[in-house]
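Going letter by letter, the sequence shown gives residues 178 to 793 in our numbering.
Data first, discussion second: the structure below is written as structure tokens.
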Amino acid sequence: MKKAFGVIIIILCLPFLWWISTNIRTELGTAKAHEEQIENAIHLPAVQAQLPVILIDRNGQTFSEEYVEWRQPLTIQEIPQIAQEIFIVSEDVDFYEHIGFDLSAIIRAIVVNSNAKSTSQGGSTITQQLVRMRYLSEEKTYERKLTELFYAYELEKEFDKETILTMYLNESYFSNQVYGIGAAATYYFQKPLQELSVAEIAFISAIPNNPSLYNPLKNFHHTKERQERLLDNLAASGAITLSDATAYKAETITLNVKHKIQSYPMYSTYVLQELRWLVAEKEGYADRLTNTQSEEEKKQIQVQLDNRLKTLFQNGLTIHTALDPHKQALDEERMTAILGTGQLQAAGTVIDNASREVVSIYAGKNYAKYDYHRAYQGVRQPGSAFKPLAVYAPFFETTTHTPDSTVNGGRYCVGSFCPQNYGGYLYGDVPIRTAFRHSYNTSALRLYNTVGVENSFSYLDRFHFRSIVAEDHNYATSLGGLTYGVTALELADAYTSFIDGSYVLAHSIRKVTANDGTELYSWNTERDQIWSPKTVKYMRALLADVVANGTGQGVYSTSDYIGAKTGTTNDYRDYWLAGLNSKYTAAVWLGYDKPQSMEKLEAYKIHHQLFNVLLD
């Protein structure tokens with residue numbers, strides 16, 4: 178009977194036992210999920226926000242800073258011991274003993290909050306504060322607080338105390354979009370943290386406790402009051418003496434606030450675009466874009482490149498450039514003065530002949546950072562300024578003719594393409610030198626036809642004209658009639674091949690380094706031989722003749738050589754000048770953003786004046 182009763186009891190208990198086991202399994206699963214979530218969260222990147230991108234000129238001086246938040250992370254060895262002591266004494270005296278949270282402080286906070294019927298009391302350790310900065314919101318709820326404890330515990334398992342303290346000091350908010358104690362030192366005093374006095378260190382250490390209340394730019398006296406309390410805390414802990422604390426509190430605090438350096442926006446904006454080209458070139462994005470015909474795939478590649486650049490910016494970069502600040506400033510001032518008031522605009526680029534570096538660039542009158550940059554974005558028809566590259570140099574390179582060989586300047590058609598010379602004039606047989614000097618269109622087309630369209634493009638394709646397309650493989654190219662056109666940067670870049678026949682893409686960036694000085698990128702500087710010495714000799718002679726006797730009269734230079742070629746497009750909508758002297762190669766475009774005739778300006782030779790500025 179007892180046995181039967183026991184069996185009945187067991188049977189009746191089975192549903193209850195099944196319910197218990199099911200709930201245990203559910204709770205274990207939930208706990209496992211939370212554990213995995215916490216583990217994943219702990220491995221988030223240390224700093225999400227963008228570190229500064231610094232641009233350096235050829236003299237080693239910073240001329241531009243790109244950042245939204247000012248950050249300068251330091252190692253624990255770079256943070257003075259007194260700064261570490263201030264935060265430990267004021268924020269978490271048991272930092273080196275607890276496991277991420279302080280149970281006694283939490284209980285004390287719960288008691289206070291229960292009595293006050295609020296959740297205002299904190300009791301947070303440095304580790305908990307770091308967790309809150311990185312992973313959680315600032316809302317004061319018990320649910321969020323419990324999650325914070327789990328995260329803090331896991332963070333302490335993942336990192337040692339020294340690493341946690343370093344991250345905390347580097348990620349704390351010091352008001353005015355300043356993050357980290359190292360950045361606070363340079364922002365508020367323009368000195369490295371190691372050079373600050375104890376009083377100054379205590380002053381900036383007062384800010385993170387309440388960045389609004391202790392913002393020294395708005396509430397200096399509140400910041401000073403908290404600084405004095407921090408110094409008293411240090412004295413009470415034995416870190417400093419009472420007399421030291423009194424002396425430090427008496428020290429005058431004089432702020433020397435850092436302002437973002439934003440000099441030469443014409444040049445810095447271009448540098449950031451060139452950085453995009455450099456990364457695309459070095460990491461294969463450029464090849465992928467070239468080798469796909471799918472517009473959808475091109476968009477995807479561009480998005481991938483954008484994300485790659487975003488990551489680089491977040492990690493911080495130093496971009497070492499070839500900027501000549503004196504020349505850039507002078508070129509901007511003088512070219513803007515020449516353009517005067519009104520809507521007339523210009524673009525120009527100057528390249529150093531020896532290094533093939535962009536030393537100065539002009540984006541247009543009244544330019545503001547990130548505006549439309551005419552020097553590298555302003556694609557316009559180049560007119561006759563394109564003839565040296567498309568016609569004459571390839572002609573000399575592929576034939577035995579010289580500048581004294583003859584070419585006819587009479588009527589000439591290739592199929593239905595029948596260009597006219599300037600003014601509709603017809604000429605007989607003339608020396609090539611004469612045809613070049615006066616820019617006869619029919620002569621240029623004859624020579625181009627002799628070379629052949631594809632032969633000509635076998636040379637043009639070795640330059641970096643980003644807007645020349647397959648449809649430009651036609652006879653109009655001989656006269657600079659392109660589907661879209663070229664930029665002043667591209668034209669100057671290609672003209673560097675007339676320095677000595679060699680060519681490498683002109684660049685402003687010398688190298689790009691990470692925050693620790695490691696070199697990340699630099700351009701290939703190996704040069705390609707485009708033209709033979711014979712062709713270079715002929716082209717330099719022809720370009721010099723244009724300045725001495727042709728359409729380039731009015732161009733001058735104090736160097737021992739000067740050569741150039743002008744260009745005018747239909748209806749006088751664009752004026753060009755490209756050429757070189759012994760030191761620089763340059764190109765300038767003159768026109769209106771909304772194209773219109775400039776025939777009335779022809780006699781003033783404004784583009785000649787601008788070109789003289791660039792080559793000075």
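Just so it is clear, CB atoms sit at the ideal spot from N, CA and C, and this is done for glycine as well.
| query | result |
| --- | --- |
| Buried or exposed (CB count within 10 angstroms, at least 16 for buried), Q439 | exposed |
| Spatial neighbours of R639 in its chain, beta-carbon cut-off 8 Å, leaving aside the 5 residues before and after | Y680, D705, I707 |
| Cut-off 8 Å between Cβ atoms - residues of its own chain near T239, not counting five sequence neighbours on either side | I231, L232, I233, I438 |
| Contact under 8 Å by Cβ, S674 with A567 | no |
| Proximity winner among N789, S349, R485, relative to L452 (alpha-carbon distances) | R485 |
| Those runs of the alpha helix (DSSP H) which lie wholly inside the stretch 413-470 and span at least 4 residues | 419-427, 442-459, 462-467 |
| Neighbourhood of I145 by C-beta, 6 Å cutoff - its chain only, sequence neighbours within 5 removed | Residue 145 is absent from the structure shown; the chain starts at 178 and stops at 793. |
| Whole-angstrom distance between A691 and N492, CA atom to CA atom | 8 Å |
| Unbroken beta strand (DSSP E) run spanning N585, endpoints | 583-585 |
| C-alpha distance - L791 paired with L603, whole-angstrom precision | 35 Å |
| Between the CA atoms of R403 and L390 - distance to the nearest angstrom | 10 Å |
| Counted within 10 angstroms of its Cβ, other Cβ atoms place S709 as buried (16 or more) or exposed | exposed |
| Limits of the beta strand (DSSP E) - the one that R687 falls within | 686-690 |
| 7 Å Cβ shell around H785 - same chain, five flanking residues per side excluded | G731, V732, L754 |
| Close beta carbons around V630, own chain, < 8 Å, minus the five adjacent residues each side | H650, N651, Y652, T654 |
| Extent of the continuous alpha helix (DSSP H) to which E359 belongs | Sequence check: residue 359 is Gly here, not Glu. Here the alpha helix (DSSP H) through G359 covers 358-365. |
| Sub-8 Å separation of L332 and L251 beta-carbons | no |
| Identified DSSP bridge partners for H497 | I233, K688 |
| Unbroken beta strand (DSSP E) run spanning Q522, endpoints | 522-529 |
| Terminal residues of the alpha helix (DSSP H) in which V351 lies | Per the sequence presented here, residue 351 reads as Phe, with Val not at that position. Unbroken run through F351: none, as it is neither H nor E. |
| Separation of Y345 from S414, as counted between CA atoms | 21 Å |
| Distance, E428 Cα to E405 Cα | 11 Å |
| Short Cβ contact (8 Å threshold) for L697 with H641 | no |
| Heavy atom of the ligand ADP within 7 Å of H436 beta-carbon | Absent from the structure shown: the ligand ADP. Ligands present: none. |
| For Y350 and P388, believed in contact at Cβ under 8 Å, the rounded distance | 5 Å |
| Beta carbon of Q354 nearer than 8 Å to that of V434 | no |
| Cβ-based neighbour list, A562, same chain, cut-off 6 Å, excluding 5 preceding and 5 following | K742, G744, W753, A755 |
| In DSSP terms, what L767 is bridged to | A523, Y752 |
| Minimum C-alpha distance to K782 - residue among T363, N758, Y749, D793 | Y749 |
| Rounded C-alpha distance that separates Q773 from A647 | 28 Å |
| P571 - containing alpha helix (DSSP H), residue span | 570-575 |
| Reduced DSSP secondary structure (H/G/I, E/B, other) of S389 | coil |
| Cα-Cα separation between I478 and R511, rounded to whole angstroms | 41 Å |
| Alpha-carbon spacing of Y425 relative to N386, whole angstroms | 20 Å |
| Cβ distance (whole Å) where I358 is taken to contact I430 below 8 Å | With 8 Å as the limit, I358 and I430 do not qualify as a contact, their Cβ atoms being about 16 Å apart. |
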